[in-house]
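Numbering (the numbering used here), first residue to last: 4 to 495. Glycine included, every Cβ here is placed at the ideal spot set by N, Cα and C.
Here it is, written out as structure tokens:
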């Protein structure tokens, strides 16, 4: 069988821009008429997307969108969702497949057959596969059972390029150092390098490019200037949970406590972009602002642990005080569970088995049990009859009297819960705020005021992907990149 052209985008570390470069290239090549498929052998993130057949990392969902195709579990066959500092839930080809302790790293190599199987299926219906690595390929202590970087590249015979991030400093050392520590066979898989996030006049880095080229023998495929609009695209990496610039004079202030197990925090992205909203991300060690109009408790991969952290930080006191002052509170997924009277995890599905009282702001209780719910849904915001799309990724069930005032409907079933006065609401639905009509209606019903908005979120994401593709086309050697991808076909 003829091979499909493919190229792997590696990085000198996490958060150097691999995901967005792949997304931009997906859009660029899709607009040239190619059937492009994104692929990431192994991802580690609590920001997951629901597909028709299970979960994948949200970065791959964005890349699929950029390629103008539906996301599929084969695009990210291994997803590790951290549950603690020492363990992760394993999602294998979209489905829960157990737990992985940090000391069991070697087990990840056992997943290589499934990774190659997914890659083969994806390749069979593609003109081009764009593969994203994870972290750095130069972590030699992890190389023996690697399936995320050069271990995959060699197993699938996919050539790679290495991306360095100049904005964080040390890009020459990181690229040259990566070359120095790789063994000869791994080094041979890397066919070039690029420098990302350059600020200033690119010509001033010509000597730096030459230094890297001479030290490594790799050609430079481009120096990519800083792309300021990257912040307008959905985030996946926890490093993106940084303080946002305040918006003096904004109509609405929304406070979000950042808990250790936060999941699907891209729920916040549309709110971040709303000109009328001042979104305040509150790190541990700081109190929730007393002048917030709305407090949002986001999703959590470890609800009981995050509930304990919330109390340890004193945020429960802040939230209860906010409620007494007439403030509004919204819980999403794990945050919804925390708002109830009790959360029980009798089987230890998210950590040690146990239970804990919730904040008691909704008359519901949650039991974590049974199969994980993973699905995309059509929703209706009951109060406004506004329709939209969302997705669910959660364990267990939530029941109680406040479910009788569910703020949403999914098909024929009520979804979520609300307090008698409507000031506290909870829902299992992720992606609510990406729908302009639902976002406006939901916030209006919570806050009692119409949100002044000029944001069309989906159209903004599409336009940003178009600009990203054009940006990469100007600053990367796209024809050489494509030729490298096609070079693996010569090995048939």
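First through last residue of the beta strand (DSSP E) which encompasses residue 225: 223-228
Option nearest residue 432 by Cα separation, candidates 422, 470 and 409: 409
Minimum length 3: unbroken beta strand (DSSP E) runs contained in the region 281-341: 297-300 and 331-335
Residues bridged to residue 39 [DSSP beta-bridge criterion]: 131
Classification of residue 152 by the beta-carbon crowding that lies within 10 angstroms, buried from 16 upward: Buried is the call here.
CB of residue 77 within 8 Å of CB of residue 125, strictly: yes
Simplified DSSP state of residue 96, which is helix, strand or coil: coil
Exposure of residue 223, with buried meaning 16 or more beta-carbon neighbours within 10 Å: buried
Run of the beta strand (DSSP E) containing residue 195, from where it starts to where it stops: 193-201
Distance between residue 445 and residue 260 (C-alpha atoms, nearest Å): 20 Å
Residue 90 - DSSP class collapsed to helix/strand/coil: strand
Where residue 167 sits in the DSSP three-state scheme: strand
Nearest candidate by alpha-carbon position, reference residue 216, set 417, 331, 267 and 193: 193
For residue 114, the nearest candidate out of 58, 45 and 173 (CA to CA): 45
DSSP beta-bridge partners of residue 384: Looking at the DSSP output, residue 384 bridges to 389 and 411.
Cβ of residue 324 within 8 Å of any chain D Cβ: Structure shown: chain D not included; a single protein chain is present.
Distance CB(residue 399)-CB(residue 373) smaller than 8 Å: yes
Nearest candidate by alpha-carbon position, reference residue 79, set 454, 435, 48 and 101: Looking at the Cα atoms, 48 is the closest of the given residues.
Distance between beta carbons of residue 344 and residue 367, contact taken as under 8 Å: 7 Å
Cβ contact (3+ pairs, closer than 8 Å) linking the region 451-470 and the region 409-423: Touching, no, given that fewer than three Cβ pairs across the two stretches are closer than 8 Å.
Beta carbon of residue 196 nearer than 8 Å to that of residue 221: yes
Candidates 353, 356, 360 and 325, of which the one nearest residue 342 by Cα: Comparing Cα-Cα distances from residue 342 to each of 353, 356, 360 and 325, the minimum goes to 360.
Check: residue 190 C-beta below 7 Å from any heavy atom of the ligand FAD: Looking at this structure, you won't find the ligand FAD or any other ligand, since it has none at all.
DSSP three-state assignment for residue 27, whether helix, strand or coil: The answer is helix: DSSP assigns residue 27 an H, G or I state.
Cβ-Cβ distance between residue 492 and residue 5 below 8 Å: yes
Within 8 Å, strictly: CB atoms of residue 38 and residue 129: yes
Reduced DSSP secondary structure (H/G/I, E/B, other) of residue 460: Judged by DSSP in its simplified three-state form, residue 460 adopts helix.
Neighbourhood of residue 57 by C-beta, 8 Å cutoff - its chain only, sequence neighbours within 5 removed: 76, 94, 96, 97, 98 and 377
Outcome for residue 242 when other beta-carbon atoms lying within 10 angstroms are tallied against a minimum of 16: Annotation note: pLDDT 49 at residue 242 (below 50); position unreliable, coordinate value reported separately. Burial call: exposed.
At least 3 beta-carbon pairs within less than 8 Å: the region 281-289 vs the region 259-273: yes
Pick from 348, 25 and 7 that is closest to residue 14, judged by C-alpha positions: Among 348, 25 and 7, the Cα nearest to that of residue 14 belongs to 25.
The region 433-443 in contact with the region 271-287 per 3-pair CB rule at 8 Å: yes
Residue 416, enclosing beta strand (DSSP E) - first and last residue: 416-418
Close beta carbons around residue 17, own chain, < 6 Å, minus the five adjacent residues each side: 138
For residue 358 and residue 425, the rounded distance between their alpha carbons: 27 Å
With 16 other Cβ atoms within 10 Å as the buried cut-off, status of residue 453: exposed
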